[in-house]
């Protein structure tokens, strides 16, 4: 079946521009997560949704970062007024969360470069 | 502070040379420990979930084990195609994952 998809795969933004990153989770998956991965590091949690509810946004680095999942399926991570330190790979993951399994399945990521 | 530490940072093996990767954690209320494989330019690929001490899971040349403080990923007779970064992550109290920095494995023919 289809896995998690993300678009665009690569994004170059000039400092100060706004960007929007899209995630299409696996069909039927209740939970959706966003992570940020710097080069040579493990992914770091940003935020997570259960259906359309944003249950945890404690990892968002600043108020320039905003995520939404209005219909409980596709999600968008928006970064306003991008800064160089925002350059990273942004990973999306989804999980069935059926009470007995918590595995998260990741998309290929969006590599954001801020110049 | 809740933490996940992986060792070694990098590992070079000859094809067929078995070894183990370590993941130690200091979280309380562990919900699950996860192993992922990540190839360059790709997202992490799910390998295993372990939920309780003493649990073991196997897949091809990989075997994951869990104790109360750490997990091991054993690689038996590795092949060059096993070369990747192996990530360990834990979930505790909530669904979010805390990742280690990974072990970069290179297997030479």
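Chains as they are written, first to last, in my numbering: chain A, 11 to 125; chain B, 1125 to 1233. Each residue gets a CB set at the ideal place from its N, CA and C atoms; glycine is no exception. Given the structure is predicted, the values throughout are model-derived calculations rather than measurements.
- Minimum Cα-Cα distance from residue 1132(B) among the listed residues 1161(B), 1144(B), 1191(B), 1173(B) corresponds to 1144(B).
- A Cβ-Cβ distance of about 6 Å is found for the pair residue 21(A) and residue 120(A), placing them in contact under the 8 Å criterion.
- The C-alpha of residue 100(A) is placed about 17 Å away from the C-alpha of residue 1213(B).
- For residue 1198(B), the enclosing beta strand (DSSP E) starts and ends at 1194 to 1199.
- For the segment 1214 to 1228 of chain B, the residues whose beta carbon sits under 8 Å from a beta carbon of chain A are, in order, 1215, 1218, 1219, 1220, 1221, 1222, 1223, 1224, 1225, 1226.
- Between residue 16(A) and residue 117(A), the C-beta spacing is below 8 Å.
- Residue 55(A) sits away from residue 38(A), with the two beta carbons spaced by 8 Å or more.
- About 13 Å separates the beta carbon of residue 1136(B) from that of residue 1208(B), a gap too long to meet the 8 Å contact definition.
- Residues of the same chain with a CB within less than 7 Å of the CB of residue 1138(B), apart from the 5 flanking positions on each side, are 1232 in chain order.
- When 9 Å is used as the limit between beta carbons, residue 1173(B) is near these residues of chain A: 111, 112, 113, in chain order.
- In the DSSP assignment, the residues bridged to residue 1169(B) are 1161(B).
- Nearest C-alpha to residue 79(A) among 123(A), 95(A), 66(A): 66(A).
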